Amino acid sequence: MRKLPTASELLEEFRNGSLDPVDHAERVLGEIERWEAKVNAYITIEAREAVIAQAEEAEERYRRGEARPLEGVLVAVKDNISTSFMPTTAASRMLEGYVPPFNATVVDRLLEAGAIVVGKANMDEFAMGSTSEFSAFGPVRNPWDLERVPGGSSGGSAACLAYGGCDLSLGSDTGGSIRLPAAYTATVGLKPTYGLVSRYGLIPYGNSLEQIGPMARSVRDVALLLEVIGGWDPKDATSLRVKPPRLSALEPAEPGSLRLCVPREMVEGAEEPVAKVFWRLMERLDSEGFEVEEARLPSASKALPAYYTIALAEAASNLARYDGGLYPRGDVEPGDYWRHVAEARARGFGWEVKKRIVLGSYVLSEGYRDEYYVAATKVRRLVRDEVLRLARRCVIASPAAPILPPRLGERITDPLLLYAMDVYTVVANLAGVPALAMPAGFHHGLPVGVQFMAGKLEEDRLVRLGLFVEELTGLRGVAAGEG
Amino acid sequence: MKARIGLEIHVQLSEAGTKLFCDCDSEYRRYPPNRNVCPVCLGLPGALPVPGRRPLALALAAAKAFNCRIPEWIVFTRKHYFYPDLPKNYQITQFEKVGGAPVCLGGYVEFLNTDTWEWVRVGIRRINLEEDPGRTYYEGDIMTSRYAHVDFNRSGVPLLEIVTEPEVRSPREARLLVEYILLTLEYIGATNPRLEGVFRVDANVSVEGGERVEIKNIGSTLDVEKALRYEIKRQAMVLERGGRVERETRHWDAERGVTKPLRYKEEEAEYLYFPDPDLPPVKVTGDLLAEAEKLASRSPRMIYEAVESLGVRREVAWSIVSSPPAAERFLEAVKLGGDPQVLARMIGVDYKGELRERGLDPNDPSRWPPAETLAQLSKLVSSGEYTYDSIRGLVLPKLAENPGADVKSVLPEKVSDVDALVEEVLRREVKAVKDYLSGKEKALNYLVGAVMRAARGRALDPREARRKLLERLKAMKEG
Chain A
8 MRKLPTASEL
18 LEEFRNGSLD
28 PVDHAERVLG
38 EIERWEAKVN
48 AYITIEAREA
58 VIAQAEEAEE
68 RYRRGEARPL
78 EGVLVAVKDN
88 ISTSFMPTTA
98 ASRMLEGYVP
108 PFNATVVDRL
118 LEAGAIVVGK
128 ANMDEFAMGS
138 TSEFSAFGPV
148 RNPWDLERVP
158 GGSSGGSAAC
168 LAYGGCDLSL
178 GSDTGGSIRL
188 PAAYTATVGL
198 KPTYGLVSRY
208 GLIPYGNSLE
218 QIGPMARSVR
228 DVALLLEVIG
238 GWDPKDATSL
248 RVKPPRLSAL
258 EPAEPGSLRL
268 CVPREMVEGA
278 EEPVAKVFWR
288 LMERLDSEGF
298 EVEEARLPSA
308 SKALPAYYTI
318 ALAEAASNLA
328 RYDGGLYPRG
338 DVEPGDYWRH
348 VAEARARGFG
358 WEVKKRIVLG
368 SYVLSEGYRD
378 EYYVAATKVR
388 RLVRDEVLRL
398 ARRCVIASPA
408 APILPPRLGE
418 RITDPLLLYA
428 MDVYTVVANL
438 AGVPALAMPA
448 GFHHGLPVGV
458 QFMAGKLEED
468 RLVRLGLFVE
478 ELTGLRGVAA
488 GEG
Chain B
4 MKARIGLEIH
14 VQLSEAGTKL
24 FCDCDSEYRR
34 YPPNRNVCPV
44 CLGLPGALPV
54 PGRRPLALAL
64 AAAKAFNCRI
74 PEWIVFTRKH
84 YFYPDLPKNY
94 QITQFEKVGG
104 APVCLGGYVE
114 FLNTDTWEWV
124 RVGIRRINLE
134 EDPGRTYYEG
144 DIMTSRYAHV
154 DFNRSGVPLL
164 EIVTEPEVRS
174 PREARLLVEY
184 ILLTLEYIGA
194 TNPRLEGVFR
204 VDANVSVEGG
214 ERVEIKNIGS
224 TLDVEKALRY
234 EIKRQAMVLE
244 RGGRVERETR
254 HWDAERGVTK
264 PLRYKEEEAE
274 YLYFPDPDLP
284 PVKVTGDLLA
294 EAEKLASRSP
304 RMIYEAVESL
314 GVRREVAWSI
324 VSSPPAAERF
334 LEAVKLGGDP
344 QVLARMIGVD
354 YKGELRERGL
364 DPNDPSRWPP
374 AETLAQLSKL
384 VSSGEYTYDS
394 IRGLVLPKLA
404 ENPGADVKSV
414 LPEKVSDVDA
424 LVEEVLRREV
434 KAVKDYLSGK
444 EKALNYLVGA
454 VMRAARGRAL
464 DPREARRKLL
474 ERLKAMKEG
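Protein chains in written order, with my numbering: chain A, 8 to 490; chain B, 4 to 482.
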């Protein structure tokens, strides 16, 4: 275990001249060189010269006093977020070599803020997975234990933070895809309120559930990044008409200023080491003056099937466009249209993606739609109402994942176990509320994460609480490897 | 043979300015292939649809014009099917089930049957607002073409799908109904019905004792009538011979004038409908509704009744109404003091005829002179300064060539020396004069014609020529 500078600390050093953005970039590129062969956090890494050239420009801007909010900070962007200057594959063979003709809104905002995109982070194909093993470009490994997964689907975004291969990263979270990896890698990740961050340019999986969100090695960094990427975007009809949130200057929550609720349904399934680390943190918070109470969220038990039904229905629809036409595959001979489509999809998609397309089509089919899709939307309303009611009273706390990071291949064989990893996280996506995952502690050297959930657009409460927890645990800036 | 006909009319909102969910052009015909496209209408991963204000307002205006129940929230639904020119392999459309809500939940249209001059009411079942797919081109025949060329310029163009109840009584009425619906949309400013491929019609038809047959792909209003006539006759013959009319879908072959069964057996389609999660329901605000109402405020019926109430014959009145720029100029010119009768003839019959003769579009506003010009001409006729015929014969053709021309520059020179012309004709036409003087009164008409010809394009009132001729002939007789 070691400590690495957070982005906020780096920016401070850049500003006061004690650190040169070019030297820093060299150092990060060095970490990538050391770790990448083992971890596989990136699908595409920006050319060294391009990174250095941008760092030099950042240095120049600091010298002229024209530095922007993220000037010279190295950011990893999950590979399902469109970049016009780097391939965007969503970790699928289907999009191998695809370079979008446009940037995602969040990428434009990153670049305008002076950030340097250092690479495109590895992930589960089309964000479908909880372990980052389902990538067409090979699985991502957890820097804390290379035999274990980093969580998914934003596993690359988390892993590069955990080994120092980036300063900040962007993930996307459809049912926990930011928070699981954060929990498994002792990093911080925030799934924003639905609509706070533009989805324009995010290759869709479950449109009504997902958000792009910030990942970092500290709570303040996550707040800083969310300030840059958040706020209304006219190109996304589901984005909320709100200004970018102001979060980076917040102070830690005062003890007694908020209450914590732990819904029984969101902790009782956790394996023992996870529950132990979680409750120890709750006890400490309680003794610090944050009242912790047990609560009920009865609909939570139905959340997982409802979540998968909706996500897979949307996924089957979104993935219909990949037919070998606009995204051609060199290995499919032209000819009969139907044969061509079938072959392109057979070769282009991985097994997990195919499974989800079939299931998604099934739940939308005539005769089954009411029983599955429509029923799931009803459960979703139930979950949302319960969560919003509870969130008015308190910040909802739970473990971020019910288990410790599994070994590679350990879960992949049992789909039900695999999907059950998302049991605590999907609630926030169904309800559209923000949720923060951050390190709670370690168990035999393996990270355990805690999740805090608040009401819509209450990211500020999460950040303030997170800052306090970070003080308490002392885990800010923690990273894998020898110091 | 009694038939029940229902129509499904697809009309592009070609005049919306933008596509339904992006800022590309709604009039795609002027672009080279795949130049009127963007990430949104190409359905690129991550690009998101945002409903355009104008297409929405125009669709709601159509719903208003057809007396529809409009929902509080409009919902867009995904309809999935694989097709090479459908870039997302789903179409964003509207659906009344699974939580959907189209722009119109039912209404009616009253169209003028110009054979019987009765207003006929037909129910509208619903109207959907949806995106048009792209187009596939083949080299020659679809079966032999080596390639399928896909052009996405049309992809995402706003399209209305208007579905009527099966209440249309005859092929002729079906055609008149389609024409009336298109005219209504033209008055709203939603579409230009004369653009190539801007509308397509599918028709359902059943005769007594038979099942319902759907005819697809009818591309003109004339073909609506022809296809239905053919199909009704075909069904009647099948029944006469003791056969059965099965439920099926047929294709209209306009070239040969026959309906043909589709080559493939239609399967029960599975469209996997569900509300598009990228498009939150659109609230039909008072603001949006007011805009729609304003657009729908000029209906063909209202204008027709206004024109007819001025004493204009219904055939002429309908001719005026069926060209919106004509109607606009007619009403304006009347307001400017022009005589309704003169104007109706000039606008509804003769100027329109001039345009037609030249192969020009009478519904294109740029082909019409301003109302001031027309009012002025009407006044010149009313005051007796020019005859209607000289305006029709000498002025309207010039205006048709150059609608912006100044009145003075197109008015013909008037004959100032009628007497001299008369003398000249009398001198030349010795035989006709002799005939007349010997009692053949018909010869006078010939002489009047000769004087008019001698005017060579200058304006001359034939009555004046006749009067002068008679005076001189009388004098000759007496002398």
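A virtual CB, placed ideally from N, CA and C, is assigned to each residue, including glycine.
The structure presented is a predicted model; accordingly, all values stated were derived computationally and were not measured.
> Closest Cβ-Cβ distance between A/L333 and chain B: below 8 Å?
Replying inline: Mapped onto the first sequence, residue 333 of chain A falls at position 326. Judged by the 8 Å Cβ criterion, A/L333 is in contact with chain B.
> Just to confirm, does B/P368 get its C-beta within under 7 Å of one of the non-hydrogen atoms of the ligand PLP?
Replying inline: You won't find the ligand PLP in this model; it holds no ligand whatsoever.
> Which residues, in chain order, does the stretch 40-57 of chain B contribute to contact with chain A at a C-beta distance below 9 Å?
Replying inline: C41, P42, V43, L45, G46, L47, P48, G49, A50, L51, P52, V53, P54
> At least one CB of chain B closer than 8 Å to the CB of A/Y379: is that the case?
Replying inline: The residue labelled residue 379 of chain A in the question sits at position 372 within the first sequence. No, no contact with chain B.
> Taking A/C268 as the reference, which of A/Y191, A/L254, A/L395 has the closest Cα?
Replying inline: Sequence index remark: in the first sequence, residue 268 of chain A carries index 261 (1-based). Nearest option by C-alpha distance: A/L395.
> Taking one C-beta from the stretch 237-249 of chain B and one from the stretch 212-220 of chain B each time, how about it: are there three or more such pairs within less than 8 Å?
Replying inline: yes
>> Assuming contact is defined by CB atoms lying nearer than 8 Å, are A/P413 and A/V226 in contact in what I supplied?
In response: What you label residue 413 of chain A is simply residue 406 of the first sequence in a count that begins at 1. What you label residue 226 of chain A is simply residue 219 of the first sequence in a count that begins at 1. Not closer than 8 Å, so no.
> Are there 16 or more other CB atoms within 10 angstroms of the CB of B/D256, so buried, or fewer, so exposed?
Replying inline: Position 253 of the second sequence, counting from 1, holds the residue named residue 256 of chain B. B/D256 is exposed by the Cβ-count criterion.
>> Going residue by residue through the stretch 36-92 of chain A, where are the continuous alpha helix (DSSP H) segments of at least 4 residues, counting only ones entirely within it?
In response: 55-71
> Are the beta-carbon atoms belonging to B/L198 and B/S17 less than 8 Å from one another?
Replying inline: Along the second sequence, one-based indexing puts residue 198 of chain B at 195. Along the second sequence, one-based indexing puts residue 17 of chain B at 14. The answer is yes: Cβ separation under 8 Å.
>> Please confirm whether B/F85 has its beta-carbon closer than 8 Å to some beta-carbon of chain A.
In response: Numbered from its first residue, the second sequence carries residue 85 of chain B at position 82. So, interface residue.
>> From the DSSP secondary-structure annotation, give me the bridge partner or partners of B/A462.
In response: As a working note, residue 462 of chain B is residue 459 in the second sequence. B/K417.
>> Determine whether the beta carbon atoms of A/R471 and A/E258 lie at a separation below 8 Å.
In response: Walking along the first sequence from the start, residue 471 of chain A turns up at place 464. Walking along the first sequence from the start, residue 258 of chain A turns up at place 251. Cβ distance < 8 Å, so A/R471 and A/E258 count as in contact.
> Ordered along the chain, which non-local residues of its own chain (more than five positions away) have a Cβ less than 7 Å from that of B/D279?
Replying inline: Position 276 of the second sequence, counting from 1, holds the residue named residue 279 of chain B. Hits under 7 Å: F79, T80, R81, I95.
>> Relative to the C-alpha of B/E331, which candidate in B/H13, B/P372, B/G200 has its C-alpha closest?
In response: By one-based count along the second sequence, residue 331 of chain B stands at place 328. The residue with the shortest Cα to Cα distance from B/E331 is B/P372.
>> B/V153 and B/T167 - do their beta-carbons sit closer together than 8 Å?
In response: Start at 1 with the first residue of the second sequence, and residue 167 of chain B comes out as number 164. Start at 1 with the first residue of the second sequence, and residue 153 of chain B comes out as number 150. No, these two residues do not count as a Cβ contact at 8 Å.
> Using a Cβ-Cβ distance under 8 Å, would B/K483 count as near chain A?
Replying inline: Only positions 4 to 482 of chain B appear in the structure, and residue 483 of chain B is not among them; the question remains open.
>> Quick check: is the beta carbon of A/T200 nearer than 8 Å to any beta carbon in chain B?
In response: Counting from one through the first sequence, the residue named residue 200 of chain A turns up at place 193. No - not a single Cβ of chain B is within 8 Å of the one on A/T200.
> Are the C-beta of B/S370 and some C-beta of chain A separated by less than 8 Å?
Replying inline: Here residue 370 of chain B is taken as the residue at index 367 of the second sequence, counted from 1. A small fix is needed here, since residue 370 of chain B is Arg in this sequence, not Ser. Taking Cβ atoms only, chain A never reaches closer than 8 Å to B/R370, which makes this a no.
> In whole angstroms, what separates the C-alpha of A/R253 from that of A/G237?
Replying inline: Counting from one through the first sequence, the residue named residue 253 of chain A turns up at place 246. Counting from one through the first sequence, the residue named residue 237 of chain A turns up at place 230. If I take the Cα positions, the gap works out to 10 Å.
>> Can you list, in chain order, the residues of its chain with a C-beta nearer than 6 Å to that of A/P221? Leave out the 5 residues immediately preceding and following it.
In response: Stepping through the first sequence from its first residue, residue 221 of chain A is reached at position 214. Within the same chain, A/P221 has close Cβ partners L197, V229, L232, L233.
>> Measuring only the C-alpha atoms, how far is A/V390 from A/A323?
In response: As a working note, residue 390 of chain A is residue 383 in the first sequence. As a working note, residue 323 of chain A is residue 316 in the first sequence. Each residue's alpha carbon lies about 23 Å from the other.
>> Suppose only complete runs of 4+ residues qualify. What are the alpha helix (DSSP H) ranges in the stretch 282-359 of chain B, listed by chain order?
In response: 289-298, 303-311, 317-324, 327-338, 343-347
>> Between which residues of its own chain and B/I165 is the CB-CB distance below 6 Å, once the five residues before and five after are set aside?
In response: Translated into positions along the second sequence, residue 165 of chain B becomes position 162. If we look at B/I165 and ignore the five residues flanking it on each side, its Cβ neighbours are I12, I130.
> By how many angstroms is the C-alpha of B/C71 removed from the C-alpha of B/N37?
Replying inline: In the second sequence, residue 37 of chain B corresponds to position 34, counting from 1. In the second sequence, residue 71 of chain B corresponds to position 68, counting from 1. The alpha-carbon atoms of B/N37 and B/C71 are separated by roughly 36 Å.
> Is the stretch 70-78 of chain A close to the stretch 23-36 of chain B, with three or more CB pairs under 8 Å?
Replying inline: no
> Bridge partners of B/P136, per DSSP?
Replying inline: By 1-based counting over the second sequence, the position of residue 136 of chain B is 133. According to DSSP, which records beta bridges pairwise, B/P136 is partnered with nothing at all.
> Does any C-beta atom of chain A lie closer than 8 Å to the C-beta of B/D281?
Replying inline: Here residue 281 of chain B is taken as the residue at index 278 of the second sequence, counted from 1. Yes, B/D281 counts as interfacial toward chain A.
> A/D240 to B/E294, Cα distance in whole Å?
Replying inline: Numbered from its first residue, the first sequence carries residue 240 of chain A at position 233. Numbered from its first residue, the second sequence carries residue 294 of chain B at position 291. Rounded to the nearest angstrom, the two C-alpha atoms are 25 Å apart.
>> Taking the alpha-carbon of B/E189 as reference, which of B/A19, B/L23, B/I350 has the nearest alpha-carbon?
In response: Here the question's residue 189 of chain B lines up with position 186 in the second sequence. Comparing Cα positions, the closest option is B/A19.
> Since A/P446 is in the beta strand (DSSP E), which residue starts that stretch and which ends it?
Replying inline: Along the first sequence, one-based indexing puts residue 446 of chain A at 439. Its beta strand (DSSP E) spans residues 442-450.
>> As a quick exercise: from A/E301, A/A277, A/E279, A/D30, pick the residue whose alpha carbon is nearest that of A/V402.
In response: Indexing the first sequence from 1 puts residue 402 of chain A at position 395. Per the Cα distances, A/E301.
> Roughly how many angstroms separate the alpha carbons of A/Y380 and A/L437, rounded to a whole number?
Replying inline: By 1-based counting over the first sequence, the position of residue 380 of chain A is 373. By 1-based counting over the first sequence, the position of residue 437 of chain A is 430. Spanning the two alpha carbons is a distance of roughly 14 Å.
> Tell me the DSSP bridge mates of A/E486?
Replying inline: As a working mapping, residue 486 of chain A is identified with position 479 in the first sequence. The sequence given here places Ala at residue 486 of chain A; Glu does not occur at that position. BP columns for A/A486 point to A/R9.
> Hey, how far is the Cα of A/T112 from the Cα of B/A50?
Replying inline: Walking along the first sequence from the start, residue 112 of chain A turns up at place 105. Walking along the second sequence from the start, residue 50 of chain B turns up at place 47. Cα-Cα distance, rounded: 10 Å.
>> Does chain A have any CB closer than 8 Å to the CB of B/Y93?
In response: In the second sequence, residue 93 of chain B corresponds to position 90, counting from 1. Chain A contact via Cβ: present.
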